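Visitor:
Residue numbers (the numbering used here), protein chains in the order written: chain A, 1497 to 1901; chain B, 1497 to 1901.
#1: Tell me the DSSP secondary structure of residue 1512/A in three-state form.
#2: Rounded to whole angstroms, what's the CA-CA distance from residue 1556/A to residue 1606/B? Just pull it up for me.
#3: Could you pull out every unbroken beta strand (DSSP E) segment of at least 3 residues lying fully inside the stretch 1565-1593 of chain B, listed in chain order?
#4: Residues of chain A with CB closer than 8 Å to the CB of residue 1841/B, please, in chain order.
#5: Would you please verify whether the beta carbon of residue 1636/B is less than 9 Å from any beta carbon of chain A?
#6: Within 9 Å (strictly less), CB to CB, does residue 1537/A reach chain B?
#7: Starting from residue 1784/A and walking both ways along the beta strand (DSSP E), at which residues does that stretch end?
#8: How would you list, in chain order, the residues of chain A whose beta-carbon sits under 9 Å from the beta-carbon of residue 1472/B?
#9: Within the 9 Å Cβ cut-off, does residue 1575/A reach chain B?
#10: Hey, how far is the Cα of residue 1588/B from the Cα of residue 1570/B?
#11: In chain B, which residues lie with their C-beta within 8 Å of the C-beta of residue 1712/A?
#12: Would you tell me roughly how many angstroms separate the C-alpha atoms of residue 1437/A and residue 1645/A, rounded to the nearest one?
#13: In angstroms, rounded to a whole number, what distance separates the CA positions of residue 1762/B and residue 1629/A?
#14: Would a C-beta distance cut-off of 9 Å place residue 1830/A and residue 1841/A closer than the cut-off?
#15: According to a CB-to-CB cut-off of less than 8 Å, which residues of the stretch 1650-1678 of chain B neighbour chain A?
#16: From residue 1731/B to residue 1681/B, what does the alpha carbon distance come to, in whole angstroms?
#17: Residue 1723/A by DSSP, collapsed to three states: which one?
#18: Do residue 1715/A and residue 1659/A have their beta-carbon atoms positioned less than 9 Å apart in this structure?
#19: For the candidate residues 1520/A, 1623/A and 1706/A, whose alpha-carbon lies nearest to that of residue 1512/A?
#20: Counting only the same chain and skipping the five closest in sequence on each side, list residues whose C-beta sits under 6 Å from that of residue 1583/A.
#21: Within a Cβ cutoff of 6 Å, which residues of the same chain sit near residue 1523/B, ignoring the five residues on either side of it in sequence?
#22: Name, going along the chain, the residues of the stretch 1862-1877 of chain A whose beta-carbon falls closer than 7 Å to a beta-carbon of chain B.
#23: Taking 9 Å as the CB-CB cut-off, is residue 1735/B touching chain A?
#24: Any contact of the stretch 1856-1871 of chain A with the stretch 1795-1815 of chain A, i.e. 3+ C-beta pairs under 8 Å?
#25: Taking residue 1754/B as the reference, which of 1728/B, 1709/B and 1516/B has the closest Cα?
#26: Going by other Cβ atoms of all chains shown within 10 Å of its Cβ, with 16 needed for buried, is residue 1821/B buried or exposed?
#27: State yes or no: is the C-beta of residue 1649/B within less than 9 Å of the C-beta of residue 1623/B?
#28: Using only alpha-carbon positions, find the residue among 1701/B, 1736/B, 1538/B and 1560/B that is nearest to residue 1987/B.
#29: Based on Cα-Cα distance, which residue from 1897/B, 1567/B, 1600/B and 1722/B lies nearest to residue 1669/B?
#30: Determine the direct distance from the alpha carbon of residue 1875/A to that of residue 1785/A, and round the result to whole angstroms.
#31: State the beta-bridge partners of residue 1859/B as determined by DSSP.
#32: Under DSSP, the alpha helix (DSSP H) around residue 1876/A begins and ends at which residues?
#33: Which one of 1765/B, 1710/B and 1867/B has the shortest CA to CA distance from residue 1750/B?
#34: Can a CB atom of chain B be found closer than 9 Å to the CB of residue 1697/A?
#35: Taking Cβ to Cβ, would you say residue 1886/B is nearer than 9 Å to residue 1823/B?
#36: Identify, in the order they occur along the chain, each residue of the same chain with its Cβ nearer than 6 Å to the Cβ of residue 1883/A, setting aside the five sequence neighbours on each side.
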């Protein structure tokens, strides 16, 4: 049973009509008039445009779109039934295998001709990416059609999220919060990083499966179900912001930095918290206070019509005013969607103007060697008014101090 | 405590001397004499050459190697302490952030000049890859030095594994086997895919952590600790070879296809089995028999001096002789190492000559819509004599039939 926590309706995947609308927006974009259509290789690109989530291997997969014509997914034989079951396309076309006696690009060249993509095609690469040992020619050389790099155009159309996307990310954030609650409750002196993370993930996943009764799909590349982790950010090691698991043992006095999320029909959110085992020292408390002040000012600065750089600029000003430069390590945040990080970035070098419907993680951090790291991350959406939280978890010190007994 | 299962010494990471030897092999390779040195971007490339495992984001990381000079790791500020702790390099050089007001490629260009990489550099890309929204210029345009694509040379030097690499992959296979045993034992009618997978992963991970007493590191991008999964390959859905989790409920009569592995200081193995819930039907038994015969003949064909294509050719001949073409979906196998798949491939189109020390997954599969998929995968090493199994798990039908009660 879902239990007392889960009281709202379950989320549903992106509808077929929205995939069509995304493709139409791209084909109708003023910067794409010079091409006959598109060839997309990247797994996130293909998923965004047709909903097919696949594991990238040495066998290329491509989504072909012809202006005023068919949308075709080009896959190796082993993916045919999978693609036919899940991809929102007009047709699936298969090649036998890679490398095989006839290279996949030879098969693809025939398909380009059949679809009329003979003059110029746009996309995210002139040939398949070199994944897991794949080698092959440029598609322009194999086909004679010219390639136009139009990945920036697709990237730009992905920046503002639709209501359906925001709903999925809000639901992802709900489950991130549940996993984080279980992580926080399971963490205690003497236990290990890995066992606590497994317990939190398993517990939250069981809740989700009970709530969804078979209707949940991750449709993603980062596992299935909610999780919450430390990624090695425990004690002094928390001063390394992008560390990996070191299977630390929790000890009194540790500064802890967490991360939690849940893939939800392909979409992600980000929730991170700074916690302490036992009451923080004066020094820990001071950095926690700066971190919270920085996050407050950054969230408040996320307003439609302002630039991304202005948010990070305000954060950097605070670092300078309080003489905290030694503790600075990274920009304020990033957009989030099908990918865990995506542009635009809350960075002094990104002058993108924020729009209603853009999402950001807001996560200014301070890092002090020997003491630890101090970073909360919340996922917010820019609106016509104040930014709205999609994550929902306590941010105040009192509720983030764990019992040291 | 490790328990009765684990009786051999624990594995240890690749030594600093081996990283140096890898770099020297590359710098001394006859096809690299035209360049001053190298710039490597890919996370697997950087890890192979200096042992630094990092999470790729919008912030580029590059490994620079100068013939007769320093090896330098170029990282964003937030990775400095992490890189200094783990990378086998002479020096770590940091840029502040991406995109920032000064683009990382501007900083990198200065570093190229400082290191004397001013005429030509080799590597896996002319500029940083477009990960998570990264955008930037070609490094040749930014620096004025010319770029020579030498990724194929590095790829070739990675194909034959060292004794230390084989030892790590054998240890990975041991833990894959433990997770698979727990998966098989936990699977029963009415339970769900996800709960059984979590139980198997958690149990095997706890065993590993007890055995390693803090000395285990995954150093990888696919999680930490052993796991065993179905990836949705349950019942009729097992006919989709590269499916994703669908949280199926196990039922009597199901054909099951599994996958198990464990990242071990950066290295992977592959273990997969076909199982049945309850005694197989006549049809299930027939396909299982073909699958086993195919795997036997393919393993036996993996001999030093023969071509990769000859192994897959023998498999395809068997399919043809037994009129099984409709059930064919993919080639026989692939090399495995830091990446879960890598070249050379056991494929009719890959004429690489097998050498002692090359690893392969051997996994010919048959797929029958409505009935299921039939595939074992074992990881073997080519020797001067018979191929040697690194995986060690029952392959016979009797020990792969689960109780249907």
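Glycine included, every Cβ here is placed at the ideal spot set by N, Cα and C. Every value quoted in this text rests on a predicted model; they were computed, and no experiment measured them.
Guide: Reading from the atomic positions:
#1: helix
#2: 37 Å
#3: 1567-1572 and 1587-1591
#4: 1554, 1594, 1595 and 1629
#5: no
#6: no
#7: Segment 1778-1797 is the alpha helix (DSSP H) holding residue 1784/A; no beta strand (DSSP E) there.
#8: Limits of chain B in this structure are 1497 at one end and 1901 at the other, which puts residue 1472/B out of reach.
#9: yes
#10: 6 Å
#11: 1743
#12: Missing from the structure shown is residue 1437/A; chain A here goes from 1497 to 1901 and no further.
#13: 17 Å
#14: yes
#15: 1651
#16: 18 Å
#17: strand
#18: no
#19: 1520/A
#20: 1546, 1548 and 1569
#21: 1563
#22: 1865
#23: yes
#24: yes
#25: 1728/B
#26: exposed
#27: no
#28: There is no way to answer for residue 1987/B, as the model of chain B reaches only from 1497 to 1901.
#29: 1722/B
#30: 20 Å
#31: Note: residue 1859/B sits in no beta bridge, so no partner.
#32: Not the alpha helix (DSSP H): residue 1876/A falls in the beta strand (DSSP E), residues 1874-1877.
#33: 1867/B
#34: yes
#35: no
#36: 1795, 1798 and 1876
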